[in-house]
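Written out below as structure tokens is the structure these notes cover.
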Amino acid sequence: MKKGITMLFGTLLFFSCEDVIDIDLPEVETRLVVDGLVRVDKSQEFVDVKIKLKESSIFFEENQPTQAESVLIYYGRPTGGGLFENLSFSYLVEKDEGSGIYVPNLEQDRIQTAFVEPGVVFILQITHKEKRYYAQTEYVPTVPIDNVEQGDDTLFNDEETEIIVTFTDNPDQDNFYIFDFMNSEFQTVEDEFFQGQQFEFSYFYDQKLSVGQDVTVSVLGATEEFYNYVDLVLEQTENNNGVFQTPVATVRGNVFDITGLDNIDLFDNVERPNDYALGYFAMVQEYSRTITIE
């Protein structure tokens, strides 16, 4: 939920003056930005894989798409010692020239949803400007949304729109959820106080949505690490730029620079804390419901 703050400035004796101040902004090292959120719809035969690559910019400028020398996802069930059972590979290429969006190259590179199950680990490897990046994640399922409806309440002003979401938590484990309300509006929820129960909460858009407008609400599964990452980014950006843009303060995800590392077990770069990309790689199940605003 994002809120704007309007600052009102008065004039003194009906006069005002302006001074133009030039500020030398510090040099900022650009970083690779990885939007690696892969949403899995188990009702489909294949996973819709899109890895979006951008490069961080200087202050006040948008991140721009960037191109990689190679993008690869491989996956399987770990057996220990860095080995995998039934290891599979998916080679990705840029979808459209200059887009920075990478998709499976050939039919055999597509990932079948039947192979995406709890316990399966996915590894993303990227070569970008002669640097090698590595991210590892485990597939996380989630639960369906029981109901989505429009409410009449407001939180701060009459220009808001309330959406009420109901879902039932999985009682067998501690769960973390990320709800997507479209247009880079997200909400994180964990089941600490309602484990195994049906839970209902309200989300408030900070503007009146148009009558007849369709609103799609999605729930995504999340590891605790991905949940914490999104929660922190939302706190710092207030949803203004989405969870894969450069935040006010740098939030470290799970994409590490492994250039020159001999031992892949050290991929988290504990001795090189400044070597990483921005963004996150996650493979999560998604359920969605759509309502029409009245």
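Take 230 as the starting number for the sequence shown in the working numbering and just add one per residue. Every residue, glycine too, gets a C-beta built ideally from N, C-alpha and C. Predicted model only: the values in this text are computed from it and were never measured.
Report task. Going by CA-CA distance only, name the one from MET512, GLY489, VAL513, GLU500 that's closest to GLU359. Result -> Walking along the sequence shown from the start, residue 359 turns up at place 130. Here the closest residue by C-alpha is GLY489.
Requested in this report: Please classify SER285: is it buried, with 16 or more other beta-carbons within 10 angstroms of its beta-carbon, or exposed?
Outcome: The sequence position of residue 285 within the sequence shown is 56, counting from 1. So SER285 ends up on the buried side.
Requested in this report: Decide yes or no for the touch test of the region 480-488 against the region 502-522: beta carbon pairs closer than 8 Å, at least 3 of them.
Outcome: yes
Query raised in the report: So what does DSSP say about GLU291, is it helix, strand or coil?
Result: By 1-based counting over the sequence shown, the position of residue 291 is 62. Note: GLU291 maps to coil in three-state DSSP.
Query raised in the report: Got a sec, what are the start and stop residues for the alpha helix (DSSP H) VAL480 sits in?
Result: By 1-based counting over the sequence shown, the position of residue 480 is 251. VAL480 -> no alpha helix (DSSP H), and no H or E assigned at all.
Query raised in the report: Hey, ARG268 and VAL440: beta-carbon distance below 8 Å or not?
Result: Translated into positions along the sequence shown, residue 268 becomes position 39. Translated into positions along the sequence shown, residue 440 becomes position 211. Result no, Cβ atoms of ARG268 and VAL440 do not sit closer than 8 Å.
Query raised in the report: How about TYR304 and ILE352: do their beta carbons lie closer than 8 Å?
Result: Residue mapping note: residue 304 aligns to position 75 of the sequence shown, counting from 1. Residue mapping note: residue 352 aligns to position 123 of the sequence shown, counting from 1. Yes, the pair counts as a contact, with Cβ atoms nearer than the cut-off.
Query raised in the report: Considering GLU515, what are the terminal residues of the beta strand (DSSP E) in which it resides?
Result: Within the sequence shown, the letter at position 286 stands for residue 515. Element bounds for GLU515: 507-521.
Query raised in the report: Whose C-beta lies closer than 6 Å to the C-beta of THR235 among residues of the same chain, with five residues either side of it excluded?
Result: Numbered from 1 along the sequence shown, position 6 holds the residue referred to as residue 235. With a pLDDT of only 37 at THR235, under the threshold of 50, the placement of this residue in the model should not be trusted; the figure read from the coordinates follows. Contacts found: none.
Requested in this report: Assign GLN337 to one of three DSSP states: helix, strand, or coil.
Outcome: By one-based count along the sequence shown, residue 337 stands at place 108. DSSP places GLN337 in helix when its eight states are reduced to three.
**Report entry** VAL477 burial status per 10 Å Cβ neighbour count (16 or more: buried)
**Finding:** For the purposes of this step, residue 477 is identified with residue 248 of the sequence shown, where counting begins at 1. Annotation note: pLDDT 43 at VAL477 (below 50); position unreliable, no value reported.
Query raised in the report: Is the number of C-beta pairs between the region 384-397 and the region 426-445 that are closer than 8 Å three or more?
Result: yes
Query raised in the report: Between PRO400, GLN416, SER431, which lies nearest to PHE422 when the distance is taken from Cα to Cα?
Result: For the purposes of this step, residue 422 is taken as the residue at position 193 of the sequence shown. For PHE422, the nearest C-alpha among the options comes from PRO400.
Query - Own chain, CB closer than 6 Å to ALA511, minus 5 neighbours either side, in chain order - result: Your numbering for residue 511 matches position 282 in the sequence shown. Result list for ALA511: LEU266, THR366, PHE455, in chain order.
Query raised in the report: How long is the line joining the alpha carbons of GLY380 and SER431, rounded to whole angstroms?
Result: Taking the sequence shown and counting its residues from 1, one reaches residue 380 at position 151. Taking the sequence shown and counting its residues from 1, one reaches residue 431 at position 202. When rounded, the distance between both Cα atoms is 8 Å.
Query - Reference THR259, options GLU290, PHE275, ILE407, closest by Cα - result: As a working mapping, residue 259 is identified with position 30 in the sequence shown. Here the closest residue by C-alpha is GLU290.
Query raised in the report: Identify the residues that DSSP records as bridge partners of TYR362: which are they?
Result: In the sequence shown, residue 362 corresponds to position 133, counting from 1. In DSSP, TYR362 forms a bridge with ILE355, ASP486.
**Report entry** Three-state secondary structure (DSSP) of ASP387
**Finding:** By one-based count along the sequence shown, residue 387 stands at place 158. ASP387: coil per DSSP, three-state reduction.
Query raised in the report: So, is LEU237 buried or exposed, given that buried needs 16 or more other C-beta atoms within 10 angstroms?
Result: The count along the sequence shown starts at 1 and reaches residue 237 at position 8. In this prediction, LEU237 scores a pLDDT of 37, lower than 50, which makes its location untrustworthy; the coordinate-derived value is nonetheless stated afterwards. LEU237 comes out exposed.
Report task. Would you tell me roughly how many angstroms separate the C-alpha atoms of ARG306 and VAL369, rounded to the nearest one? Result -> In the sequence shown, residue 306 corresponds to position 77, counting from 1. In the sequence shown, residue 369 corresponds to position 140, counting from 1. Distance between the alpha carbons of ARG306 and VAL369: 14 Å.
**Report entry** VAL459, DSSP secondary structure in three states
**Finding:** Your numbering for residue 459 matches position 230 in the sequence shown. Looking at VAL459 - three-state DSSP - the assignment turns out to be helix.
Query raised in the report: Checking contacts by CB at 8 Å: is SER286 closer than that to chain C?
Result: In the structure shown, chain C does not exist; there is a single protein chain.
Report task. Starting from LYS283, trace the beta strand (DSSP E) both ways and give me its first and last residue. Result -> Counting from one through the sequence shown, the residue named residue 283 turns up at place 54. Start and end: 280-284.
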